[in-house]
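Peer 1:
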Amino acid sequence: MRDGRAFNVGLNAAIHCVAVLLEGSWIHSRLGRAIAPWSVGVLLWAACASGPAAPAVVRQSASSGAAQASPPSPPAQQPRAVLGDHDCPIVFEGQSLQVAEVDTSVIWGCDLAIENALRVRQGLPTLAPRALLRETVEVALLSREATSRELNRHPDTLGRVRATLADALVRAAARAQTVPASESEIAAYLQTHVADLTRDERVHVRAIGVRTRAAALRIISRLRAGELFETLAQHESVLPGAVRDSGDLGLSPRAGTELIPLAVASAAFGLAEYAAIADAPVTIERTVMVGRGRRRRPRRELVFYVVQRLEHIGTEPPALEASRRRIMLRLLGDRYRVAVAAARTSLLEQARATEPPQLNVEALRLVRLRSASPRSNASETSNPSALNR
Numbered sequence: 017m018r019d020g021r022a023f024n025v026g027l028n029a030a031i032h033c034v035a036v037l038l039e040g041s042w043i044h045s046r047l048g049r050a051i052a053p054w055s056v057g058v059l060l061w062a063a064c065a066s067g068p069a070a071p072a073v074v075r076q077s078a079s080s081g082a083a084q085a086s087p088p089s090p091p092a093q094q095p096r097a098v099l100g101d102h103d104c105p106i107v108f109e110g111q112s113l114q115v116a117e118v119d120t121s122v123i124w125g126c127d128l129a130i131e132n133a134l135r136v137r138q139g140l141p142t143l144a145p146r147a148l149l150r151e152t153v154e155v156a157l158l159s160r161e162a163t164s165r166e167l168n169r170h171p172d173t174l175g176r177v178r179a180t181l182a183d184a185l186v187r188a189a190a191r192a193q194t195v196p197a198s199e200s201e202i203a204a205y206l207q208t209h210v211a212d213l214t215r216d217e218r219v220h221v222r223a224i225g226v227r228t229r230a231a232a233l234r235i236i237s238r239l240r241a242g243e244l245f246e247t248l249a250q251h252e253s254v255l256p257g258a259v260r261d262s263g264d265l266g267l268s269p270r271a272g273t274e275l276i277p278l279a280v281a282s283a284a285f286g287l288a289e290y291a292a293i294a295d296a297p298v299t300i301e302r303t304v305m306v307g308r309g310r311r312r313r314p315r316r317e318l319v320f321y322v323v324q325r326l327e328h329i330g331t332e333p334p335a336l337e338a339s340r341r342r343i344m345l346r347l348l349g350d351r352y353r354v355a356v357a358a359a360r361t362s363l364l365e366q367a368r369a370t371e372p373p374q375l376n377v378e379a380l381r382l383v384r385l386r387s388a389s390p391r392s393n394a395s396e397t398s399n400p401s402a403l404n405r
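Structural data, given as structure tokens:
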């Protein structure tokens, strides 16, 4: 049956193309030189490639036996939800845009913003919108598979859902009760936390790291002779990111940073002029991984830093304009934490008053909780007498 239908479709397509070609030759013979032959060929190719019109569906009437033609039914359109600009708890640009669709579930820009906020709350790095969308789609696909396997009815899943809903209820109530700080409150906080908001002095550091002291001294001589620091850093330095950043290590306080050792920061602070270079290299011992595969092992080595100081930024007393956002976020966070505790207490009181929970104290006495391995737990639960221990 399928082979016969395929043959009929192919035959109809061939007849259609032949008819188009004959019509095209008649058009060219009539128009003569008024139209180029290649343009006629393009038009004929497009018409032939489009194929014949979709055939009507032929149905046989049960009463009369006559064939009745009816047009093909259009595909069913799935209803889509509508997200307003005010429905997203996180305000940002593009929150009401539909970015994907998995089955009948629509993924909005707001979903990406919420996923990004959850990553920040968990201490994870933020991702680009495309990476966030990929993760969100993967979670939706896995969630669909889990639902098909009825894992949504598992006690562990139900417990996590209850905890998530309770947390969402408390946080929503806390957000409604949290009021941003006023300008007078921000100014008062600034006056009482001057030392906390004052930024320490910093210095801009550039460095070239090499493996021998002699090589470091040669680089210092070449810099004094007028060679560019960026060029030498890109070709001579063994420090990470030297080719990309040209030896620029950024700003550092006197205590140094994760990228700038304390001795290097002290050498930079000891230089008095802009673009000054330390007379002697700074010796730093570091640990590197050598070898491949199972033979990979740590090894300690010496790196000799050629240090250059750029701009020096002194101690900055806090200014209201520069510190307003930091103070506002601090006060907002403090108020939100207080509101969470108050909202949880209030909601629990309302819930208990509406429908008090019924506790079975007799059954609770039979419950035994032990911190043991899964194997020992399984052996205890398989033994009925374990409940009486």
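In the numbering used here, the protein residues as written are 17 to 405. Idealized CB from N, CA, C, for every residue including glycine.
In chain order, what residues of the same chain lie with their CB nearer than 6 Å to the CB of glycine 225, ignoring the 5 residues before and after it?
Peer 2: As a position in the sequence shown, residue 225 is number 209, starting the count at 1. Ser253, Val254, Leu255, Val319, Tyr321, listed in sequence order.
Peer 1: Below 6 Å CB to CB, which residues in the same chain sit around leucine 278 once its five sequence neighbours on both sides are set aside?
Peer 2: As a working mapping, residue 278 is identified with position 262 in the sequence shown. Cβ within range, chain order: Gly272.
Peer 1: Using beta-carbon positions only, say whether alanine 281 and serine 268 come within less than 8 Å of one another.
Peer 2: Residue 281 sits at position 265 when you count from the first residue of the sequence shown. Residue 268 sits at position 252 when you count from the first residue of the sequence shown. Yes, these two residues count as a Cβ contact at 8 Å.
Peer 1: From which residue to which residue does the beta strand (DSSP E) around isoleucine 300 run?
Peer 2: Within the sequence shown, numbered from 1, the residue matching residue 300 stands at position 284. Unbroken beta strand (DSSP E) run through isoleucine 300: 298–306.
Peer 1: Decide if aspartate 295 is buried, meaning its Cβ has at least 16 other Cβ atoms within 10 Å, or exposed.
Peer 2: Looking up residue 295 in the sequence shown gives position 279. Aspartate 295 comes out exposed.
Peer 1: Please list, in chain order, all residues of the same chain as arginine 315 whose beta carbon is under 8 Å from its beta carbon, the five residues on each side excluded.
Peer 2: For the purposes of this step, residue 315 is taken as residue 299 along the sequence shown, with counting starting at 1. These residues qualify, in order along the chain: Thr303, Val304, Met305, Val306.
Peer 1: Count the other CB atoms, across all protein chains shown, that sit within 10 Å of the CB of isoleucine 276; report buried if there are 16 or more and exposed otherwise.
Peer 2: Mapped onto the sequence shown, residue 276 falls at position 260. With 16 or more other Cβ atoms within 10 Å, it is buried.
Peer 1: Taking the beta strand (DSSP E) that serine 268 belongs to, which residues open and close that run?
Peer 2: As a working mapping, residue 268 is identified with position 252 in the sequence shown. Counting along the chain, the beta strand (DSSP E) containing serine 268 begins and ends at 264–268.
Peer 1: Using the Cα positions of proline 333 and glutamate 217, report the straight-line distance between them to the nearest angstrom.
Peer 2: As a first step, residue 333 is located in the sequence shown; it is residue number 317 there, counting from the start. As a first step, residue 217 is located in the sequence shown; it is residue number 201 there, counting from the start. Between proline 333 and glutamate 217, the C-alpha separation is close to 10 Å.
Peer 1: Near threonine 299, what residues of its chain come up, given a Cβ to Cβ distance below 7 Å and the 5 sequence neighbours on each side ignored?
Peer 2: The residue you call residue 299 lines up with position 283 of the sequence shown. Once the five neighbours on either side are set aside, the close Cβ partners of threonine 299 are Leu318, Phe320.
Peer 1: State the CB to CB distance for the pair glutamine 250 and serine 237, rounded to an integer number of angstroms; the pair is presumed to be in contact (CB under 8 Å).
Peer 2: Here residue 250 corresponds to residue number 234 of the sequence shown, with the count starting at 1. Here residue 237 corresponds to residue number 221 of the sequence shown, with the count starting at 1. At roughly 18 Å, the Cβ-Cβ gap does not stay under 8 Å, so glutamine 250 and serine 237 are not in contact.
Peer 1: Which residue wins for smallest C-alpha separation from leucine 336, given the options Glu274, Glu243, His209?
Peer 2: Your numbering for residue 336 matches position 320 in the sequence shown. Measuring from the Cα of leucine 336, the nearest candidate turns out to be His209.
Peer 1: Excluding the five sequence neighbours on either side, which residues of its own chain have a C-beta within less than 8 Å of the C-beta of leucine 167, listed in chain order?
Peer 2: Locating residue 167 in the sequence shown gives position 151, where the first residue counts as 1. Hits under 8 Å: Thr173.
Peer 1: Just to confirm, are alanine 292 and arginine 270 a CB contact at a threshold of 8 Å?
Peer 2: Looking up residue 292 in the sequence shown gives position 276. Looking up residue 270 in the sequence shown gives position 254. No; because the gap between Cβ atoms is not below 8 Å, this pair is not in contact.
Peer 1: Between arginine 308 and glycine 257, what straight-line distance do the alpha-carbon atoms span, to the nearest angstrom?
Peer 2: Reading the sequence shown from its first residue, position 292 is the one you call residue 308. Reading the sequence shown from its first residue, position 241 is the one you call residue 257. Each residue's alpha carbon lies about 22 Å from the other.
Peer 1: Beta carbon of leucine 348, beta carbon of valine 186: below 8 Å?
Peer 2: Here residue 348 corresponds to residue number 332 of the sequence shown, with the count starting at 1. Here residue 186 corresponds to residue number 170 of the sequence shown, with the count starting at 1. Contact flag unset, no.
Peer 1: Can you list, in chain order, the residues of its chain whose CB lies under 6 Å from that of arginine 386, leaving out five sequence neighbours each side?
Peer 2: Position 370 of the sequence shown, counted from the first residue, corresponds to residue 386. Hits under 6 Å: none found.
Peer 1: Excluding the 5 residues flanking alanine 197 on each side, which residues of the same chain have their C-beta closer than 6 Å to its C-beta?
Peer 2: In the sequence shown, residue 197 corresponds to position 181, counting from 1. If we look at alanine 197 and ignore the five residues flanking it on each side, its Cβ neighbours are Met344, Leu347.
Peer 1: On the DSSP letters alone, give me the boundaries of the beta strand (DSSP E) that serine 121 sits inside.
Peer 2: What you label residue 121 is simply residue 105 of the sequence shown in a count that begins at 1. From DSSP, the beta strand (DSSP E) with serine 121 extends over 121–124.
Peer 1: From which residue to which residue does the beta strand (DSSP E) around glutamate 117 run?
Peer 2: The residue given as residue 117 occupies position 101 in the sequence shown. Note, glutamate 117: beta strand (DSSP E), 114–118.
Peer 1: Checking the sheet assignment: what are the DSSP bridge partners for proline 314?
Peer 2: Sequence index remark: in the sequence shown, residue 314 carries index 298 (1-based). According to DSSP, proline 314 bridges with Met305.
Peer 1: For leucine 244 and glutamate 301, what's the separation of their Cα atoms in angstroms?
Peer 2: In the sequence shown, the residue the question calls residue 244 occupies position 228. In the sequence shown, the residue the question calls residue 301 occupies position 285. Distance between the alpha carbons of leucine 244 and glutamate 301 is about 26 Å.
Peer 1: Are the CB atoms of threonine 361 and threonine 214 within a distance shorter than 8 Å?
Peer 2: Locating residue 214 in the sequence shown gives position 198, counting from the first residue. Locating residue 361 in the sequence shown gives position 345, counting from the first residue. Not closer than 8 Å, so no.
Peer 1: Using DSSP bridges, identify the partner residues of alanine 223.
Peer 2: Numbered from its first residue, the sequence shown carries residue 223 at position 207. Beta-bridge pairing links alanine 223 to Val323.
Peer 1: Under 8 Å between the Cβ atoms of alanine 190 and alanine 359?
Peer 2: By 1-based counting over the sequence shown, the position of residue 190 is 174. By 1-based counting over the sequence shown, the position of residue 359 is 343. Contact flag set, yes.
Peer 1: Just confirm the distance between the C-beta atoms of leucine 233 and proline 297, as a whole number of angstroms; I'd bet it's less than 8 Å.
Peer 2: Mapped onto the sequence shown, residue 233 falls at position 217. Mapped onto the sequence shown, residue 297 falls at position 281. About 7 Å separates the two Cβ atoms, so the contact holds.
Peer 1: Which whole-angstrom value is the C-beta distance of threonine 142 and arginine 150, which I expect to be below 8 Å?
Peer 2: Taking the first residue of the sequence shown as position 1, residue 142 is located at position 126. Taking the first residue of the sequence shown as position 1, residue 150 is located at position 134. Rounded, the Cβ-Cβ distance is 14 Å, inconsistent with contact.
Peer 1: Between the alpha carbons of alanine 179 and glutamate 289, how many angstroms are there, rounded?
Peer 2: Taking the sequence shown and counting its residues from 1, one reaches residue 179 at position 163. Taking the sequence shown and counting its residues from 1, one reaches residue 289 at position 273. Taking the straight line joining both Cα atoms gives about 59 Å.
Peer 1: Just to confirm, are valine 118 and leucine 128 a CB contact at a threshold of 8 Å?
Peer 2: For the purposes of this step, residue 118 is taken as the residue at position 102 of the sequence shown. For the purposes of this step, residue 128 is taken as the residue at position 112 of the sequence shown. No, these two residues do not count as a Cβ contact at 8 Å.
Peer 1: If I'm right that glutamine 432 touches alanine 355 with Cβ under 8 Å, what's the distance once you round it to whole angstroms?
Peer 2: Absent from the structure is residue 432, since the part of the chain shown begins at 17 and ends at 405.
Peer 1: Look at the alpha carbon of alanine 182 and the alpha carbon of arginine 311, and state the distance between them as a whole number of angstroms.
Peer 2: Stepping through the sequence shown from its first residue, residue 182 is reached at position 166. Stepping through the sequence shown from its first residue, residue 311 is reached at position 295. C-alpha separation (whole angstroms): 50 Å.
Peer 1: Closer than 7 Å by C-beta to valine 259: which residues in its own chain qualify, once you throw out the five before and the five after it? Chain order, please.
Peer 2: For the purposes of this step, residue 259 is taken as the residue at position 243 of the sequence shown. Counting only Cβ-Cβ distances below 7 Å, and skipping sequence neighbours, we find Gln250.
Peer 1: Grouping DSSP H, G and I as helix and E and B as strand, with all else coil, what is glutamate 332?
Peer 2: For the purposes of this step, residue 332 is taken as the residue at position 316 of the sequence shown. Looking at glutamate 332 - three-state DSSP - the assignment turns out to be strand.
Peer 1: Within a Cβ cutoff of 6 Å, which residues of the same chain sit near valine 221, ignoring the five residues on either side of it in sequence?
Peer 2: For the purposes of this step, residue 221 is identified with residue 205 of the sequence shown, where counting begins at 1. Taken in chain order, the residues that qualify are Leu265, Ser268, Ile276, Ala284.
Peer 1: Contact defined as beta carbons within less than 8 Å: I believe leucine 148 pairs with asparagine 132. What is the distance between those atoms, to the nearest angstrom?
Peer 2: As a working note, residue 148 is residue 132 in the sequence shown. As a working note, residue 132 is residue 116 in the sequence shown. Contact holds; Cβ gap of about 6 Å.
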